[in-house]
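Residue numbers (the working numbering), protein chains in the order written: chain A, 69 to 259; chain B, 69 to 259.
Okay, here's the thing in structure tokens:
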């Protein structure tokens, strides 16, 4: 019998931790949510120390994601991937910033607690976002934990710019690093 | 209410098209299956012209994947991503070539009808494969269809080699290109 179903979920605590009615106006507000999710995910032992959220033009949440690699035995289930898949599933838009008639409906923003790894970087090219907000840098992740970020194009920011995606780094970087540092010190799995 | 469930499936026809008991000994056998899946996916109108399969050390299928982007409104649902997630779900191994005690259990092979795009490339770094077999090149995909393959590291093959992944290109390349050409001529969606 062929295995033919993929089923991935957010942990149940997310429903209590996130208020879909709230607006997150500033870049710092958006990344702070991603960092809070990364912290809660470690505390609940429901995955690695990474969180992300997709926001619509009204600054409200379309979907959130946390790392679910170990619970689901799935190397695809990074925080950004979960956020993209859930945002697309909710809106039924395979490019989040394009409606069914291919008209622009952005800006759509992804906020992530740490710089996307090579997989989440590639997914970002296709997901249909206009802005990418990043907390910790890849160098922070690799210095503070055992995680590897993987190979990227040399000018990874320029490649996103070419495709209409603005990249803003170091948003709430210290707070993002604090979560990574605590995780690194407790020696959790590096998946 | 927060959207918290991702559910992706293979099309029902896959169960009739694939024999999990069969061995695929050669590289050409393995890529030929991926190409056959790409062709059947277009014929069934169940996604884009891309197929992939993960094989175990016994040359039998662990899981297959086809492009499901449009049916699921999900830019993550490329053929290789589906194959990785399904193979990991079936085996419950988040690195396909590592058992629960982190011992090597390879070689694990991914065969794909076309060179992985930037997203599937990054996913390949984490999935736990030892060998990557490719039919059509990225340049073929971009010449024969409207698909974009996205930005890769300049030495993308060398980066995989460094991580223990052997890359073999141009396996059944003409057959892979024939499916792409037919799709390009019929003008299907480029997702």
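Cβ atoms here follow ideal geometry from the backbone N, Cα and C, with glycine treated the same way.
- Counting only residues of its own chain and dropping the five nearest sequence neighbours on each side, residue 208 (chain B) has a CB closer than 6 Å to the CB of 245.
- One thing to note: residue 144 (chain B) has its Cβ within 8 Å of the Cβ of residue 153 (chain A).
- Taking a Cβ-Cβ threshold of 9 Å, the residues of chain B close to residue 82 (chain A) are 70, 72, in chain order.
- Taking a Cβ-Cβ cut-off of 9 Å, residue 214 (chain B) has no neighbours in chain A, whose nearest Cβ is about 13 Å from it.
- At a cut-off of 8 Å, the C-beta of residue 227 (chain A) has a neighbouring C-beta in chain B.
- Taking 8 Å as the cut-off, the beta carbon of residue 162 (chain B) is found no closer than this to the beta carbon of residue 177 (chain B).
- The alpha-carbon of residue 203 (chain A) is positioned some 27 Å away from that of residue 217 (chain B).
- Taken in chain order, the members of the segment 117-145 of chain A whose beta-carbon sits within less than 9 Å of a beta-carbon on chain B are 129, 130, 131, 132, 137, 138, 140, 141, 142, 143, 144, 145.
- For residue 181 (chain A), the uninterrupted beta strand (DSSP E) run begins and ends at 177-182, by DSSP.
- Exclusion of the five residues before and after residue 221 (chain A) leaves 227 as the residues of its chain whose Cβ lies within less than 7 Å of its Cβ.
- Here the alpha carbons of residue 86 (chain A) and residue 78 (chain A) stand approximately 12 Å from one another.
- Per DSSP, residue 199 (chain B) is one residue of the beta strand (DSSP E) stretching across 199-204.
- Counting along the chain, residue 214 (chain B) sits inside no beta strand (DSSP E), nor does DSSP assign it H or E at all.
- Residue environment for residue 182 (chain B): buried (at least 16 other C-beta atoms within 10 angstroms of its C-beta).
- Taken atom to atom, the span from the alpha-carbon of residue 230 (chain B) to that of residue 89 (chain A) is near 46 Å.
- At least 8 Å separates the beta-carbon of residue 125 (chain A) from that of residue 248 (chain A).
- In the three-state scheme derived from DSSP, where H, G and I count as helix and E and B as strand, residue 73 (chain A) is classed as strand.
- In this structure, residue 71 (chain B) lies away from residue 211 (chain A), with their beta-carbon atoms at least 8 Å apart.
- Secondary structure in the segment 230-254 of chain B: the beta strand (DSSP E) runs of 3 residues or longer, each lying completely within the stretch, are 234-236 in chain order.
- Taking the Cα positions, residue 115 (chain A) is about 27 Å away from residue 184 (chain B).
- Neighbours of residue 110 (chain A) in chain B, taken as residues whose beta carbon is under 7 Å from its own, are absent, since the nearest beta carbon is some 18 Å off.
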